[in-house]
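The next block holds one structure in the form of structure tokens; read it before the comments.
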Amino acid sequence: MNKQIIFNLPVRDLDKSKAFFAALGFGFNEEMSGDSAAFMNIVDGSIHAMLMTDDFFASFTNKPVVRALEANEVIICLSCESAQEVDSLIARAAAAGARIPHPPEDHGFMYDQGFEDLDGHLWNLVWVASDA
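For the sequence shown, the tail end lands on 133 under my numbering, and the numbers increase by one without skipping.
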């Protein structure tokens with residue numbers, strides 16, 4: 002098995018979060034999902050997220066769960082194949098209820114924009130020219 006990245010995110014409403022990310026084109030592995038968590042495929046075979054209800058997430062730590070709507074610990078950055086893919090994913094995120102905190106930034110060799118999902122987790126989408 003190749004190494005994979007799997008990160009866990011606490012969510013308030015698992016069904017709404019699944020619908021939000023499905024609208025962005027991410028799929029779910031139902032065999033690895035249940036009432037308290039959903040295994041989301043971001044990049045098949047390599048990058049995944051486990052969306053966990055707040056209570057289930059809290060059961061894995063003795064520290065308070067950060068509410069991403071109030072404070073941030075991480076920004077999840079995903080690479081895209083083009084600036085158009087960045088724009089397309091941002092448009093789908095906005096249509097699904099995401100907050101778009103700033104306009105796209107075009108640096109010539111790099112293009113990026115971010116969104117805040119339903120629970121306040123920050124996602125940044127970036128395209129970098131292959132010759133950069």
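Even for Gly, the Cβ is constructed at its ideal location relative to N, Cα and C.
Computed from a prediction, not measured in an experiment: that's the story for all the values here.
If you draw a straight line from the alpha carbon of G93 to that of S47, how long is it in whole angstroms?
Residue identity differs from the one stated: residue 93 is Arg in this sequence, not Gly. Answer to the nearest angstrom: the Cα atoms are 23 Å apart.
Short check: CB of S34 to CB of F40, under 8 Å?
yes
Just to confirm, is the Cβ distance from G115 to P102 under 8 Å?
yes
Under three-state DSSP, which class holds A31?
Before going on, a small fix: residue 31 reads as Glu here, not Ala. Looking at E31 - three-state DSSP - the assignment turns out to be helix.
Near K17, what residues of its chain come up, given a Cβ to Cβ distance below 7 Å and the 5 sequence neighbours on each side ignored?
Within the same chain, K17 has close Cβ partners L119.
For Q85, which residues in the same chain have their Cβ closer than 7 Å to its Cβ, ignoring the five residues on either side in sequence?
none
Just verifying my parser: in three-state terms, what is the DSSP assignment at R68?
coil
In chain order, what residues of the same chain have a beta carbon less than 6 Å from the beta carbon of N9, not counting five sequence neighbours either side?
M51 and M53
Could you tell me the distance, in whole angstroms, from the CA atom of H49 to the CA atom of I7?
So the two alpha carbons sit approximately 5 Å from each other.
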